[in-house]
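One structure is given here, and the rest of the page talks about it.
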Amino acid sequence: MNSSVIIFPGSNCDRDMDVALKKFGFKNKMVWHDDDKLPKSDLIVLPGGFSYGDYLRCGSIAGKSKIIQSVINFANSGGLVLGICNGFQILTETGLLKGVLQQNKNIEFICKNIFVKINNIENKFFENIDKDVLELHIAHNEGNYFCTEDELKSLEDNNQIAAYYCGSDGKIDEKSNPNGAIKNIAGIFNEKKNILGMMPHPERMIDQSLSGEDGSIFFENLLKNLK
Amino acid sequence: MKVKVIVTLKSGVLDPQGKAIQQTLNGMGFANVKDVRQGKYFDIDIDESDEQKAKNSAEEICKKLLANQVIEDFKII
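From first to last, the protein sequence lines stand for chains L and V.
Just so it is clear: in the first sequence, position 14 is 13 by numbering that gives the first Met the number 0, and no numbers are missing.
Just so it is clear: in the second sequence, position 66 is 65 by numbering that gives the first Met the number 0, and no numbers are missing.
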């Protein structure tokens with residue numbers, strides 16, 4: 000399976016993502032934001048980081064970069080797109096995903112392990128996944144997901160909520176909400192479920208000696224679903 | 000001509016920075032400060048002599064880049 004990771008000025012999780020994708024068998028290429036064509040890909044990843052120094056709004060400048068039109072065309076033709084952290088922010092800024100990531104409620108940069116409960120497995124990202132509660136890592140200042148009431152209703156009606164922040168037991172409550180995200184939302188899909196944006200970093204959880212391996216479960220399963 | 004734009008959070012949208020500023024002001028003794036909303040200000044020089052045309056460009060600029068209309072409103076002044 001071929002994947003491509005887009006690098007923006009200020010991306011800083013692009014190499015971690017490259018390492019993770021290759022570890023689980025993807026043939027990954029790195030693509031510079033100023034290119035206008037994507038290599039042949041089964042998966043496009045917008046990585047975490049601080050593209051353009053988070054100027055204006057997180058992801059807003061990257062959302063207008065040269066490569067983005069190709070990413071939008073790829074996504075609109077059904078291609079799989081994954082946006083992690085800043086990648087999620089970029090996806091909302093392009094309009095591919097609904098809502099916006101606002102500053103964390105407590106005005107703190109949060110860097111810690113959290114748990115998420117996978118809400119919908121009827122898609123290429125999570126189909127057949129072994130665990131429904133994953134321990135992942137978050138590191139962000141703007142992860143407070145917000146959308147209008149109408150948008151929230153349509154996300155819920157179309158089963159577009161991908162994952163909720165939860166406790167280690169899978170319980171979704173205010174206590175396990177790290178950033179004030181509406182309804183504990185950690186990640187969402189587009190309507191067709193071929194685009195996933197989420198704040199937690201699975202690529203940081205692929206090594207038992209460094210972190211944990213719930214990210215490995217995600218990548219292994221994703222690759223299996225694409226084969 | 001120069002166009003000035005103000006982008007503010009829509010009412011009802013949480014503004015943690017504004018809240019922190021308000022609490023700080025209260026702590027400094029400005030007990031009468033009830034609320035602070037933080038916004039952004041842009042000074043844009045548009046190569047256009049017709050005021051209406053410049054404002055039309057500014058409006059498009061706001062919609063396409065400067066404001067995220069899910070949470071923000073803009074005003075051209």
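Glycine included, C-beta positions come from ideal geometry on N, C-alpha and C.
Query raised in the report: Could you give the distance in angstroms between the alpha-carbon of L/Lys26 and the alpha-carbon of L/Ser59?
Result: 29 Å
Query raised in the report: Are L/Gly9 and L/Tyr51 close, meaning C-beta to C-beta below 8 Å?
Result: yes
Requested in this report: Please determine if the region 54–74 of chain L and the region 89–100 of chain L are in contact, where contact requires at least 3 C-beta pairs separated by less than 8 Å.
Outcome: yes
**Report entry** Burial state of V/Phe29 (16 or more Cβ within 10 Å)
**Finding:** exposed
Requested in this report: Give the residues from the region 57–75 of chain L that approach chain V closer than 7 Å (Cβ to any Cβ), ordered along the chain.
Outcome: Ser59 and Lys63
Query raised in the report: Can you tell me whether DSSP reads L/Asp17 as helix, strand or coil?
Result: helix
Query raised in the report: For L/Gly58, does the three-state DSSP call read helix, strand or coil?
Result: coil
Query raised in the report: Going by Cα to Cα distance, which pick from L/Leu20, L/Leu133, L/Ile5 and L/Gly47 is closest to L/His32?
Result: L/Ile5
Requested in this report: Out of L/Met197, L/Phe217 and L/Met198, point me to the one whose CA is closest to L/Ile205's CA.
Outcome: L/Phe217
Query raised in the report: What residue range is occupied by the uninterrupted alpha helix (DSSP H) comprising L/Val70?
Result: Ile67 to Asn75
Report task. Can you pull the chain V residues whose beta carbon is under 8 Å from the beta carbon of L/Lys104, in chain order? Result -> Leu13 and Pro15
Report task. Can you pull the chain L residues whose beta carbon is under 9 Å from the beta carbon of V/Asn25, in chain order? Result -> Within 9 Å Cβ-Cβ: nothing; V/Asn25 doesn't reach chain L, min ~16 Å.
Requested in this report: Could you tell me whether any Cβ in chain V is nearer than 8 Å to the Cβ of L/Cys146?
Outcome: yes
Query - Residues near L/Met29 by beta carbon distance below 7 Å, same chain, minus five either side - result: Val4, Ile6, Asp13 and Asp17
Query raised in the report: Straight-line CA distance for L/Tyr144 to L/Asn105?
Result: 13 Å
Requested in this report: Look at L/Asn85 and L/Asn119 and say whether their C-beta atoms are less than 8 Å apart.
Outcome: no
**Report entry** L/Cys84, DSSP secondary structure in three states
**Finding:** coil
Report task. In the DSSP assignment, find the unbroken alpha helix (DSSP H) run with L/Glu148 in it and report its ends. Result -> Glu148 to Asp156
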